[in-house]
Every structure is written in C-alpha cells, then in structure tokens.
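Enquirer: Just so you know, the sequences run in chain order R and V. So in UniProt numbering, the last one in the first sequence is 245, and the numbering has no gaps at all. So in UniProt numbering, the last one in the second sequence is 245, and the numbering has no gaps at all. We put the beta carbon where it would ideally sit given N, CA and C, even for glycine.
Protein chains: 2
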Amino acid sequence: MTGSSHLIIDEPAAQLGRNLTYGLLDNIGRAIVTGQFEKAVFPTEAELAKQHGVSRSVTREAVKMLTAKGLLSARPRQGTTVQPTSSWNLFDTDVLRWMLERKLSIDLLRQFNELRVAVEPEGAALAATVAGEDDLARIDAGLERMQAAEHGLDDPLEADIAFHVAILRASKNPFYIQLRDVVSTALRTSIRFTNRIKGRSADVAEHAKVRDAIAARDPDAARIAMRRIIGDVLGLIEDRQPAGE
Amino acid sequence: MTGSSHLIIDEPAAQLGRNLTYGLLDNIGRAIVTGQFEKAVFPTEAELAKQHGVSRSVTREAVKMLTAKGLLSARPRQGTTVQPTSSWNLFDTDVLRWMLERKLSIDLLRQFNELRVAVEPEGAALAATVAGEDDLARIDAGLERMQAAEHGLDDPLEADIAFHVAILRASKNPFYIQLRDVVSTALRTSIRFTNRIKGRSADVAEHAKVRDAIAARDPDAARIAMRRIIGDVLGLIEDRQPAGE
DNA sequence: ATAAGTCGATTCATATGATAATTGTGATTG
DNA sequence: CAATCACAATTATCATATGAATCGACTTAT
Chain R
1 MTGSSHLIID EPAAQLGRNL TYGLLDNIGR AIVTGQFEKA VFPTEAELAK QHGVSRSVTR
61 EAVKMLTAKG LLSARPRQGT TVQPTSSWNL FDTDVLRWML ERKLSIDLLR QFNELRVAVE
121 PEGAALAATV AGEDDLARID AGLERMQAAE HGLDDPLEAD IAFHVAILRA SKNPFYIQLR
181 DVVSTALRTS IRFTNRIKGR SADVAEHAKV RDAIAARDPD AARIAMRRII GDVLGLIEDR
241 QPAGE
Chain V
1 MTGSSHLIID EPAAQLGRNL TYGLLDNIGR AIVTGQFEKA VFPTEAELAK QHGVSRSVTR
61 EAVKMLTAKG LLSARPRQGT TVQPTSSWNL FDTDVLRWML ERKLSIDLLR QFNELRVAVE
121 PEGAALAATV AGEDDLARID AGLERMQAAE HGLDDPLEAD IAFHVAILRA SKNPFYIQLR
181 DVVSTALRTS IRFTNRIKGR SADVAEHAKV RDAIAARDPD AARIAMRRII GDVLGLIEDR
241 QPAGE
C-alpha cells in the first residue's frame, strides 16, 4: 500500500480486515455502488479472486451476499452482472451506507427525507396508540439528551437519533422498527449535510410536542408535530437544490 | 406429509430444485422463519450439509446469503445462530415471502398495511408533483384493469397491484420504488385474506380519485384519497381483530 | 443460401479434503 | 480465588477437481 499506483486493486492480500469475506463484500459493494462497473464488464470470479488475493471460496461467498442484497446476479457462461439500481435493497444498511459514503448527493438526502416524512409521522401516531411505559421512558431520555446537547453536554446528532429511534421502536410495528437502522445509518453517515441543515434550537421544542402528544395518547397531534419536524428538514434541503432530477 | 415421520429434513439429495444453493436458501430461510430453531440450537455447517445432502460449499453460500438478509450470524467456535426477528430485513422479498407463507397472521397483515398507510399516500403526493406522461399512462392502465376486473374481464388482485405499483413508481423516489416489490409480494401472497377484505365496488371510484388528483397535480388531494383507500383496508382488518398484541 | 444441429470454450455450480484462525471451556497453577 | 494456559470445536480459508449450462462458431442437410 506504499508506492502502488495501480488502478486495479491487485493488492495480493488483505487490507480487507480480519475477515476476508466481509472485507471483500465491503470492497466490492462499495465499488459497485460507486459505479466502477457501469461501463466495464464485471470480472469473473476467478479474476476477482486473483485481484484481491483471496481464494475463490471467499469470492463466491462475498458475491453471494451481494446477490442477496440485490446488487449482483450470477449465471453460468453469462457471468456475474451488476443489477440495475432499482433492484438494490436500499433498506439494507450496508447498501445504504455504501450509497451515502460514495458521494452523498443532495438528491439522495432529499429522497431519504421524503421517506422519513411518510414513515415517522405515522410511526409517532402509532406510538401514541400503543407505546408502553418503557417506550415513553426511552423517548423522554432521547428528549433530555437533546436538551443537554443544547448546552453542549451531549452530542446533538446522537441525541436526535436516539429520540427518533425511540419513537419508531415505540410503534411496535416490525416494519417501522426495521427502519431504526436505516434512519440511524443515514443520519450518522450524512453528518456533513445534517450539520449545516440542523442546529436550530426551535428543534427541541418541536420534538417536545411530539413527546407530549404521544404521552397524551393523541395520535393526530403526534403525527402533525412529527410531520412538521421532518417537513422543516425537507424544506431546507429543497431550498438548497430547487430543481430536482 | 407422506410416510416420512422424520423431524429432521434428512433427504439425501435434491428436491432443492435445479440450483442447490438457492433451494437450500429457501429451505433454511423458511425453516428459520417458521421458528424451527427457536428452541433447538442451529446445526453446524457440517450437519446442515449432511442433512440436506449437499456439500459444505453450497451450505456455506446459503448461510452467507441468510446472513446478508439478517437471519443468521456465524462465528467460529460459537457456531451459526439465528438472529432475533428484529434484525431480519423485512424489506427483503424473500424474508417477507417466508413470513407471509408461514402462517399469514392477521397481525402481520395489519402491520404491513400500517406501513402502506404511511408510504402510499405520501407516494401519491410525490407522484402528483413529479409524475411524467408515461407514469400517468401506467396509472391509467392500472385503473382500467380494475374497471375491467369489475366485469370479470381481468384479475382484480393483479389489477389492484398494477395500480398501486404504478403510483409508487411515479414517485421517482428510489425508496418508494423499492417498496414496489414489497407491496406486490405481500398482496400476492396474502390473497386469502385480501379476498375477504376487498371486493367492494366503491374501490374503483376511490382509486379513480387518486388518479385524477395526480393528473391534476394536486398532491394534497392525492394524499387524502390514497389514505382513504388504505385506511379502509386497515379498518376492516382491525375490525376482525379488535385487540392486538 | 438458409436452417438446424453439433461441438467447443467459457463461466458459474458443486464437491472434497486439508489447513488456519478464532474462541469458549475447563484444567492448571500461583 | 484468580489468572493463565492448553485443548477442542467450529467457522474461515485454501487448493483442486469435476459437473452443468450457455453462447457462439462451425458444420451439415435441405
């Protein structure tokens, strides 16, 4: 890894980390998402193995995992091919992380928040119906962290994530709960942008409204309050990038 | 089902289909989701291979795919273990299909529609903003199929799916588009229930309202109309099962 | 000349046996 | 009793061989 100026990976062994398969998964996954194979044909498994300095078993297992995530498809004689992005599983945290790491386009950030604006208000409404005491406690804890973060006593991003994740969890709906990982992955990876966008102190007051609505078992109020929070973020994003597509 | 009274699978070879790996993936995935390993410890890769009459390579690749979908986790010495359901990727169509096939609980159906009631209205609103001519054409086509189905000239379920999928696609948001597969998989697999629930002729009129709102570029109207459609379904489900959990 | 069929090369799919790496468990020792 | 060490179990990795599927070129028959 010193003077090597090769474009091809070609490192004989491992900066793949302790686990070769998972390291290779990460490398290839990132390469696919970065678009490195959009023009070129995807290598054969033998070439992949040689380029990364691992055995074909490891290669095959990594390829199989990428297949399971919708990024690849393998057939005899035809070879292994990259699937169109429409079949990638965006709700897989690996795929999402690769996409966010590659360039973090404002488009992707907007699309992600368009998802949040649908899911989180409804999740808050559900939470208002079914949340238990422990759920409320977690939501309170998240809110308190946000308040602490206002005075520099906690990390604002992590506090925000804790709050939103607590609400999704309180919905008691597996689909919403699943989105915990998606939301926290996306928020954490896109720190650069979110920092510019967030940081307004009105935030905490608006979050408190959500909490209160859930505690008061008022689904409609919870939905509206949460929608305002994410709508604000979305508005800021769209301001920065007026014309999409 | 016939005379075989073995609990263990133990078939020496393949009713796994042409592709052993994918057949094994399906078998093990279904077994996990069915809860066959909740009490018992998960077999070692050697045992798995022997039980299914395949090589360890095939076993390992199937296990790796299940790992990628969040169902399994493998570590040396500790063995391969089934992950808690909270880490399963429900937005993976395989996982979802296995879950819907296993027993199709009303709970799962309700939770799925709780997701739809969040996503699809917002998707319709987005579509009203960004849909192109081709998108509108697809939505119209879906609506026409529903009208045809009213007179027995088309399959009502497939027509319904086509309509909803067309709208998700028209949103131009990859996250929403991704849910196409989820929605169609779930609707198609849960025919038994949806047949009982749907089939009211008011449906087509309500769907037409969504279409008109999108064509008129009216996001709010589209959101409200779509919300009513899915809210109706949700109401019927909750009627059947008053107390959840 | 066109159509169908044959053959071969390429690539993934599968099998097998051996070795390495990791880590829980229990024995050992201070 | 605690810390350490040795062992064993299990996955991780490697190397090699064989099978199966498919595309393309070539051949052959009509």
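Which residues bound the beta strand (DSSP E) around residue 117 of chain R?
Expert: Looking at the DSSP string, residue 117 of chain R is not in any beta strand (DSSP E); the run it does join, the alpha helix (DSSP H), is 106-130.
Enquirer: Between residue 126 of chain V and residue 119 of chain V, what straight-line distance do the alpha-carbon atoms span, to the nearest angstrom?
Expert: 10 Å
Enquirer: Answer yes or no: do residue 114 of chain V and residue 223 of chain V have a C-beta to C-beta separation smaller than 8 Å?
Expert: no
Enquirer: Any C-beta of chain R sitting closer than 8 Å to the C-beta of residue 90 of chain V?
Expert: yes
Enquirer: Which chain R residues sit within Cβ distance under 9 Å of residue 117 of chain V?
Expert: 122
Enquirer: May I have the straight-line CA-CA distance separating residue 161 of chain R from residue 183 of chain R, to the nearest angstrom?
Expert: Here the C-alpha atom of residue 161 of chain R lies approximately 8 Å from the C-alpha atom of residue 183 of chain R.
Enquirer: What does the alpha-carbon distance come out to for the pair residue 48 of chain V and residue 63 of chain R?
Expert: 21 Å
Enquirer: Considering residue 73 of chain V, what are the terminal residues of the alpha helix (DSSP H) in which it resides?
Expert: From DSSP, residue 73 of chain V is part of no alpha helix (DSSP H) but of the beta strand (DSSP E) over 72-75.
Enquirer: Would you mind stating whether residue 42 of chain R and residue 81 of chain R have Cβ atoms separated by less than 8 Å?
Expert: yes
Enquirer: Is residue 100 of chain V near residue 215 of chain V, with beta carbons less than 8 Å apart?
Expert: no
Enquirer: Does the count of Cβ pairs from the stretch 49-61 of chain R and the stretch 20-31 of chain R closer than 8 Å reach three?
Expert: Result yes; three or more Cβ-Cβ pairs closer than 8 Å.
Enquirer: Exposed or buried, which one is residue 103 of chain V when buried takes at least 16 other CB atoms within 10 Å?
Expert: exposed
Enquirer: Show which residues of chain V have a CB atom less than 7 Å away from the CB atom of residue 126 of chain R.
Expert: The contact set of residue 126 of chain R on chain V, defined by CB atoms closer than 7 Å, consists of 114 in chain order.
Enquirer: Give a yes or no on contact between the stretch 161-180 of chain V and the stretch 130-144 of chain V, applying the rule of three or more CB pairs nearer than 8 Å.
Expert: Three or more Cβ pairs drawn from the stretch 161-180 of chain V and the stretch 130-144 of chain V lie within less than 8 Å of each other, which places the two stretches in contact.
Enquirer: Taking Cβ-Cβ distances shorter than 7 Å, what residues in chain R pair up with residue 69 of chain V?
Expert: 68
Enquirer: Which bits of chain V does residue 27 of chain R rub up against, with CB to CB less than 8 Å?
Expert: Within chain V, not a single residue places a beta-carbon under 8 Å from that of residue 27 of chain R; the smallest gap is close to 15 Å.
Enquirer: For residue 233 of chain R, which of R/29, R/187, R/220, R/219 has the nearest alpha-carbon?
Expert: R/187
Enquirer: Please give the ranges of any alpha helix (DSSP H) in the stretch 210-239 of chain V, keeping only runs that are unbroken, at least 4 residues long and fully inside the region.
Expert: none
Enquirer: When you compare the CB of residue 57 of chain V with every CB in chain R, is at least one pair closer than 8 Å?
Expert: yes
Enquirer: Under 8 Å between beta-carbons, which chain V residues line up against residue 65 of chain R? List them in chain order, please.
Expert: 64, 65, 67, 68
Enquirer: What residues in the stretch 139-160 of chain R bring their beta carbon closer than 7 Å to a beta carbon of chain V?
Expert: none
Enquirer: Pull up the CB-CB distance for residue 146 of chain R and residue 128 of chain R, whole angstroms please, since I reckon it's below 8 Å.
Expert: Rounded, the Cβ-Cβ distance is 19 Å, inconsistent with contact.
Enquirer: Hey, how far is the Cα of residue 225 of chain R from the Cα of residue 79 of chain R?
Expert: 51 Å
Enquirer: Based on DSSP bridge pairs, tell me the residues matched to residue 80 of chain R.
Expert: Answer is R/74.
Enquirer: If we count the other Cβ atoms within 10 Å of its Cβ and call it buried at 16 or more, is residue 72 of chain V buried or exposed?
Expert: Result: buried.
Enquirer: Could you name the residues of the same chain whose beta carbon sits closer than 8 Å to that of residue 148 of chain V, not counting the 5 residues immediately before and after it, in chain order?
Expert: Excluding residues within five positions, the ones whose Cβ falls inside 8 Å are 154, 159.
Enquirer: How close, in whole Å, do the beta carbons of residue 98 of chain V and residue 29 of chain V come, if the pair is a contact with beta carbons under 8 Å?
Expert: 5 Å
Enquirer: Counting only beta-carbon atoms, is residue 83 of chain V nearer than 8 Å to chain R?
Expert: no
Enquirer: In whole angstroms, what is the alpha-carbon distance linking residue 288 of chain R and residue 60 of chain R?
Expert: The question about residue 288 of chain R has no answer here: the residues shown for chain R are numbered 1 through 245.
Enquirer: Starting from residue 38 of chain R, trace the alpha helix (DSSP H) both ways and give me its first and last residue.
Expert: No alpha helix (DSSP H) holds residue 38 of chain R; DSSP gives it neither H nor E.
Enquirer: Should residue 116 of chain V go down as buried or exposed, given a rule of 16 or more other Cβ atoms within 10 Å for buried?
Expert: Looking at its Cβ environment, which holds 16 or more other Cβ atoms inside 10 Å, residue 116 of chain V is buried.
Enquirer: From residue 50 of chain R to residue 58 of chain R, what does the alpha carbon distance come to, in whole angstroms?
Expert: 11 Å
Enquirer: Determine the direct distance from the alpha carbon of residue 210 of chain R to that of residue 133 of chain R, and round the result to whole angstroms.
Expert: When rounded, the distance between both Cα atoms is 16 Å.
Enquirer: What did DSSP end up calling residue 56 of chain R once you bin it into helix, strand or coil?
Expert: helix
Enquirer: Quick check on residue 203 of chain V: buried or exposed, where buried means 16 or more other Cβ atoms within 10 Å of its Cβ?
Expert: buried
Enquirer: Can you tell me the Cα-Cα spacing of residue 230 of chain V and residue 238 of chain V, whole angstroms?
Expert: 12 Å
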